[in-house]
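J.:
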Amino acid sequence: MENFEARLSTIETAIAMQRRLLVNHPVFNAIQSHPDLRTFMEWHVYAVWDFMSLLKRLQNDLTCVSVPWIPACSGNTTRLINEIVLGEECDHTPLGFMSHFDLYMHAMRDIGASPSRIQHFIKLVRAGVDVNNALIRVEAPLPIQTFVNTTLRTCEENSTHEVLGAFLFGREDIIPDMFRTLLDRWRVDHQQIPLLNYYLRRHIQVDDAEHGPAARTLIQDVTGGEPHKLEATLKAGFIAVTARIKLWDALNAHLRAQPSAVPPG
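One point on numbering: in this note's numbering, the residue at position 226 of the sequence shown is 246, and numbering is uninterrupted.
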């Protein structure tokens with residue numbers, strides 16, 4: 021156990037610089053108004069959506085979701101991943117039980133952000149259109165296409181421990197601090213955006229206290245502490261964090277190009 025914790029700490033140190041760049045990204049200072057926040061949400065919703073593909077790939081690998089049912093190798097691993105799925109796919113919210121994605125969609129409507137593009141995208145995917153072509157057909161901004169395709173390649177091509185690396189270091193570990201920065205820096209009255217405020221604070225609470233620690237335990241269970249697997253886990257996490265930084269870079273440039281934007285500072 022101590023040996024694994026030491027190796028995991030080494031991984032976290034290696035990715036720390038990218039993590040700091042993401043948590044302190046200037047995009048959070050660029051959200052100065054409701055129109056800025058609407059634009060942010062219309063981009064960010066794709067990351068909310070593709071997160072579930074990472075999670076479902078892990079559920080597929082670490083539990084049994086097919087017929088006939090076959091017992092999983094580890095009851096502990098099965099419980100951890102299913103608890104994360106339960107929280108993400110049907111959490112208890114102010115609007116009842118729903119996925120965090122659906123809650124985010126309600127929050128978008130709450131402040132006047134347009135859900136039409138992401139809804140059209142999901143309609144195409146549900147009809148069997150592959151993700152890349154669906155993104156092109158709805159004319160999603162190119163940085164969004166790049167980000168989502170990076171996530172889906174990880175889900176489709178990488179090993180279980182690599183997907184776990186993207187899931188932990190690229191999502192669950194980084195989201196609480198990233199959302200804290202967003203709440204601290206934007207100049208939007210929290211009382212005017214109750215659903216988004218709830219969404220962000222709920223993720224801070226759950227990912228810090230439950231999902232992040234659970235993902236660390238899953239990495240130990242799946243890798244067995246083997247150095248080459250931990251190295252691959254790190255690489256996948258680094259790629260995921262870098263992809264998010266590039267998405268935020270593009271969104272930051274887009275927001276600051278608007279006529280009402282404040283100058284960088």
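For every residue, glycine included, the Cβ atom is placed at its ideal position computed from N, Cα and C. If you're wondering where the values come from, they're calculated on a predicted model, not measured in any experiment.
#1: Identify the continuous beta strand (DSSP E) that holds residue 113 and give its terminal residues.
#2: List the residues that DSSP assigns as beta-bridge partners of residue 118.
#3: Sorted by chain position, which residues of the same chain lie with C-beta nearer than 8 angstroms to residue 29's C-beta, five sequence neighbours on each side aside?
#4: In whole angstroms, give me the CA-to-CA distance for residue 101 and residue 188.
#5: Which same chain residues, not among the five before or five after residue 145, have their C-beta less than 7 angstroms away from its C-beta?
#6: For residue 252, which of helix, strand or coil comes out of DSSP?
#7: Can you list the beta strand (DSSP E) stretches of 3 or more residues lying completely in the region 34-61, in chain order?
#8: Using CA atoms only, rank isn't needed, just tell me which of 129, 192 and 123 is closest to residue 54.
#9: Since residue 154 is in the alpha helix (DSSP H), which residue starts that stretch and which ends it?
#10: Rounded to a whole number of angstroms, what is the C-alpha to C-alpha distance between residue 250 and residue 257?
#11: Just the C-alpha distance for residue 230 and residue 236, rounded to the nearest angstrom, thanks.
#12: Excluding five sequence neighbours on each side, which residues of the same chain lie with their C-beta closer than 7 angstroms to the C-beta of residue 140?
#13: Taking the alpha carbon of residue 183 as the reference point, which residue from 263, 57 and 77 has its own alpha carbon closest?
#14: Taking the C-alpha atoms as reference points, what is the distance between residue 203 and residue 260?
#15: Reducing DSSP to helix, strand and coil, say where residue 81 ends up.
#16: Per DSSP, what kind of secondary structure is residue 96 in: helix, strand or coil?
T.: Well, looking at it:
#1: Locating residue 113 in the sequence shown gives position 93, where the first residue counts as 1. Residue 113 -> beta strand (DSSP E) spans 111-113.
#2: Here residue 118 is taken as the residue at index 98 of the sequence shown, counted from 1. In the DSSP assignment, residue 118 is bridged to 111.
#3: Mapped onto the sequence shown, residue 29 falls at position 9. Sequence-distant Cβ neighbours of residue 29 in its own chain, meaning closer than 8 angstroms and more than five residues away, do not exist here.
#4: As a first step, residue 101 is located in the sequence shown; it is residue number 81 there, counting from the start. As a first step, residue 188 is located in the sequence shown; it is residue number 168 there, counting from the start. Those two C-alpha atoms are separated by around 12 angstroms.
#5: For the purposes of this step, residue 145 is identified with residue 125 of the sequence shown, where counting begins at 1. Correct list, in chain order: 151 and 154.
#6: Counting from 1 along the sequence shown, the entry for residue 252 is found at position 232. Residue 252: helix per DSSP, three-state reduction.
#7: Runs found: none.
#8: Along the sequence shown, read from residue 1 onward, the residue named residue 54 stands at position 34. Comparing alpha carbon positions, the residue from 129, 192 and 123 closest to residue 54 is 129.
#9: As a first step, residue 154 must be located in the sequence shown, where it is residue number 134. Bounds of the alpha helix (DSSP H) holding residue 154 are 151-157.
#10: Counting from one through the sequence shown, the residue named residue 250 turns up at place 230. Counting from one through the sequence shown, the residue named residue 257 turns up at place 237. In a straight line, the C-alpha of residue 250 is about 10 angstroms away from that of residue 257.
#11: Position 210 of the sequence shown holds residue 230. Position 216 of the sequence shown holds residue 236. If you take the alpha carbons of residue 230 and residue 236, they lie about 10 angstroms apart.
#12: Your numbering for residue 140 matches position 120 in the sequence shown. If we look at residue 140 and ignore the five residues flanking it on each side, its Cβ neighbours are 158.
#13: Taking the sequence shown and counting its residues from 1, the one referred to as residue 183 is at position 163. Cα-wise, what sits closest to residue 183 is 77.
#14: Counting from 1 along the sequence shown, the entry for residue 203 is found at position 183. Counting from 1 along the sequence shown, the entry for residue 260 is found at position 240. Between residue 203 and residue 260, the C-alpha separation is close to 23 angstroms.
#15: For the purposes of this step, residue 81 is taken as the residue at position 61 of the sequence shown. In the three-state scheme derived from DSSP, where H, G and I count as helix and E and B as strand, residue 81 is classed as helix.
#16: Translated into the one-based positions of the sequence shown, residue 96 becomes position 76. DSSP, reduced to helix, strand and coil, places residue 96 within a helical segment of the structure shown.
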